[in-house]
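Counting from 1 along the sequence shown, just add 283 to a position and that's the residue number in this note's numbering. The beta carbon of each residue, even a glycine, is placed where N, CA and C say it ideally should be.
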Amino acid sequence: MSARFDNLHDWLHWQETLHPEEIELGLARIASVFRRLRTKSFSCPVITIAGTNGKGSSLRMLESIYRADGYRTCAYSSPHLLRYNERIRINGVEAADADIVAAFARIDAARADVSLTYFEFGTLAALDIFMHQKADVVLLEVGLGGRLDAVNIIDADVALLTAISLDHTAWLGEDRDAIGYEKAGILRPGKPAVCSDPDLPPSVCAHAHKLDCPLFRLGHNFDFKVDPQGWHWREGKGQALDLPHPGLRGAHQYRNAAGVLMALMLLQSRLPVSRSAIRRGLLEAYLPGRFQFVSGQSLPDPSLPGSSAAGRVSWIYDVAHNPDSVQQLAQMLVEAKQPGRTFALLGMLADKDSRTALRHIHSQITDWHIASLNTLRSEKPENLKHIIHSLGRSSACVHTSVAEAWNAIESSAKAGDRVVVFGSFYTVSEAMVVAQAHGQRI
Numbered sequence: 284m285s286a287r288f289d290n291l292h293d294w295l296h297w298q299e300t301l302h303p304e305e306i307e308l309g310l311a312r313i314a315s316v317f318r319r320l321r322t323k324s325f326s327c328p329v330i331t332i333a334g335t336n337g338k339g340s341s342l343r344m345l346e347s348i349y350r351a352d353g354y355r356t357c358a359y360s361s362p363h364l365l366r367y368n369e370r371i372r373i374n375g376v377e378a379a380d381a382d383i384v385a386a387f388a389r390i391d392a393a394r395a396d397v398s399l400t401y402f403e404f405g406t407l408a409a410l411d412i413f414m415h416q417k418a419d420v421v422l423l424e425v426g427l428g429g430r431l432d433a434v435n436i437i438d439a440d441v442a443l444l445t446a447i448s449l450d451h452t453a454w455l456g457e458d459r460d461a462i463g464y465e466k467a468g469i470l471r472p473g474k475p476a477v478c479s480d481p482d483l484p485p486s487v488c489a490h491a492h493k494l495d496c497p498l499f500r501l502g503h504n505f506d507f508k509v510d511p512q513g514w515h516w517r518e519g520k521g522q523a524l525d526l527p528h529p530g531l532r533g534a535h536q537y538r539n540a541a542g543v544l545m546a547l548m549l550l551q552s553r554l555p556v557s558r559s560a561i562r563r564g565l566l567e568a569y570l571p572g573r574f575q576f577v578s579g580q581s582l583p584d585p586s587l588p589g590s591s592a593a594g595r596v597s598w599i600y601d602v603a604h605n606p607d608s609v610q611q612l613a614q615m616l617v618e619a620k621q622p623g624r625t626f627a628l629l630g631m632l633a634d635k636d637s638r639t640a641l642r643h644i645h646s647q648i649t650d651w652h653i654a655s656l657n658t659l660r661s662e663k664p665e666n667l668k669h670i671i672h673s674l675g676r677s678s679a680c681v682h683t684s685v686a687e688a689w690n691a692i693e694s695s696a697k698a699g700d701r702v703v704v705f706g707s708f709y710t711v712s713e714a715m716v717v718a719q720a721h722g723q724r725i
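Below, the structure is given as structure tokens:
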């Protein structure tokens, strides 16, 4: 039987219309297809990462550190910003179109009449590709929740839980305890779990106790402190590390890095990692769309005392899209001072708590440009404008697209001003496409 399509674009377009629900949590369908594809599990260690914020950053740190020590990594993350291939990486290199297309064909043949979502197809493709690699470690980022997420068909040797806060409440629950329970679904009986959220919901502790999982908590089993020269990590009264500031910006990245180091230590007997690799890996870890600074002069680390810098218009791309991540972005804007105005290019999804998120950041923005996103899930710009006006900000322009908003800002921003693009992965992705067309090096 010949493959349904011979190129990645056609496969992805077809997948977007295949399943009646864009999001359908549950493991029965994907597990049945996975069994048809493969009967073996990974022979190397698997680290699965769940959480509301910090999953992608933590995965990139792990990937960077292991690669710095010569290990062969397979990493799966989502969503992507510019290319679907970003989701599937082998040794830091995006999977080729041909490899993804071949995996999709195998999945399509194996699934028979089982319906799969876009995300389930992608998860199976990543796992299928990784099975053909001689990996030393597999790193998997949960898409939504944990317990019923497609990634959870794989048993983790170490589960890493990052910050847990309110998001996707329609699927995961209305409070942190309910959401924490869903995230803790990636834990496995007797296997260690690491939590880099210092305020852990009781449901996570209860679930770990039920499964007899050794639980390593930030502020209990490991901790860190930061000073101007670097930061210091310690496991209880045991091992301690003195490290340079991470390459990923922001005070919250120290919490992410602390959890990453604890996960590394738990696998030291199987994957020994040197201190030099840890230092290099943390310095070199990079993730687009996380306080990503483009075109302006050198920006001081906003998590440390620093001086302001004026120059060309500075563009900052950040996928912050829920109250906690937007609050972190606002704090970084406070600490990374600029002499001019601060423009916002904002687009959000309708299911987000936009009022709470914007309450955190509105005082840092002088000029608002609100765009409709290229998705049916987009919040109406007029609704966001109403929220901004209710917060006491009078200057807010509405645009029919991100491209229109981008062009309006570019025509009015002056040297020394900065532009913050945020609110959704869609916002940042669409803005980056426009930016590249205008010569920005993303």
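For I469, no beta strand (DSSP E) segment is defined, and its DSSP state is neither H nor E. Per DSSP, I692 lies in no beta strand (DSSP E); the unbroken alpha helix (DSSP H) holding it starts and ends at 685-695. For H292, the enclosing alpha helix (DSSP H) has its first and last residue at 291-301.
Between Y349 and V609, the CB-CB gap reaches or exceeds 8 Å. Cβ-Cβ distances below 6 Å link L544 to W516 in the same chain, with the five nearest sequence neighbours on each side left out; the list follows chain order. Taking all protein chains shown into account, P472 has fewer than 16 neighbouring C-beta atoms within 10 Å of its C-beta and is therefore exposed. Per DSSP, the continuous beta strand (DSSP E) segment holding R517 begins and ends at 513-518. Between L444 and K466 the beta-carbon gap is near 6 Å, inside 8 Å, which marks them as a contact.
Counting only residues of its own chain and dropping the five nearest sequence neighbours on each side, L656 has a CB closer than 6 Å to the CB of G630, Y709. Just measuring C-alpha positions, the residue of D480, D419, H490, A568 sitting nearest S347 is A568.
For L364, there is no enclosing alpha helix (DSSP H), as DSSP marks it with neither H nor E. By the 16-neighbour rule on beta-carbons within 10 angstroms, R318 is exposed.
According to DSSP, residue pairing for F576 in a beta bridge involves I599. Across the set A640, R595, A439, the C-alpha of A640 shows the shortest separation from the C-alpha of Q614.
Straight across, the Cα-Cα distance linking W598 with Q723 is about 10 Å. Judged by beta-carbon spacing, L423 lies within the 8 Å limit of Y359, meaning their Cβ atoms are closer than that value. Within its own chain, the residues whose Cβ lies closer than 8 Å to the Cβ of S448, once the five positions on either side in sequence are excluded, are T335, N336, R459, I462, N605, P606, D607, listed in chain order. For K663, the secondary structure class from DSSP, reduced to helix, strand or coil, is coil. Between the C-alpha atoms of V702 and V420 there is a straight-line separation of about 38 Å.
According to the DSSP assignment, V316 belongs to the alpha helix (DSSP H) that extends over 311-320.
Secondary structure of L570 (DSSP, three-state): coil. Shortest Cα-Cα distance from P362 to any of S712, G699, V376 involves S712. Exposure of S326 is indicated by the presence of fewer than 16 other C-beta atoms within 10 angstroms of its C-beta. Cβ-Cβ separation between I330 and D506: approximately 21 Å, too far for a contact (criterion under 8 Å).
Taking a 10 Å sphere around the C-beta of G706, we find 16 or more other C-beta atoms and assign the residue as buried.
Contact check for V681 and E693: beta-carbon distance about 17 Å, past the 8 Å limit, so the pair fails to qualify.
Between the alpha carbons of L494 and A476 lies a gap of roughly 11 Å.
If only uninterrupted alpha helix (DSSP H) runs of at least 4 residues are considered, those enclosed by the region 596-680 are 606-618, 637-644, 664-673. By the Cβ-count criterion, P328 is buried, with 16 or more other Cβ atoms from all chains shown falling within 10 Å of its own Cβ. According to the DSSP assignment, D506 belongs to the beta strand (DSSP E) that extends over 505-510.
Around the beta carbon of E299, a 10 Å sphere encloses fewer than 16 other beta carbons of the protein chains shown; the residue is thus reported as exposed.
Comparing alpha-carbon positions, the option among I371, V384, R563 lying closest to A286 turns out to be V384. In this structure, the beta-carbon distance from A311 to I371 does not fall below 8 Å. Under DSSP, E424 forms a beta bridge with I332. In this structure, the straight-line span from the alpha carbon of R642 to that of L616 is close to 14 Å. Per DSSP, A523 is one residue of the beta strand (DSSP E) stretching across 523-526.
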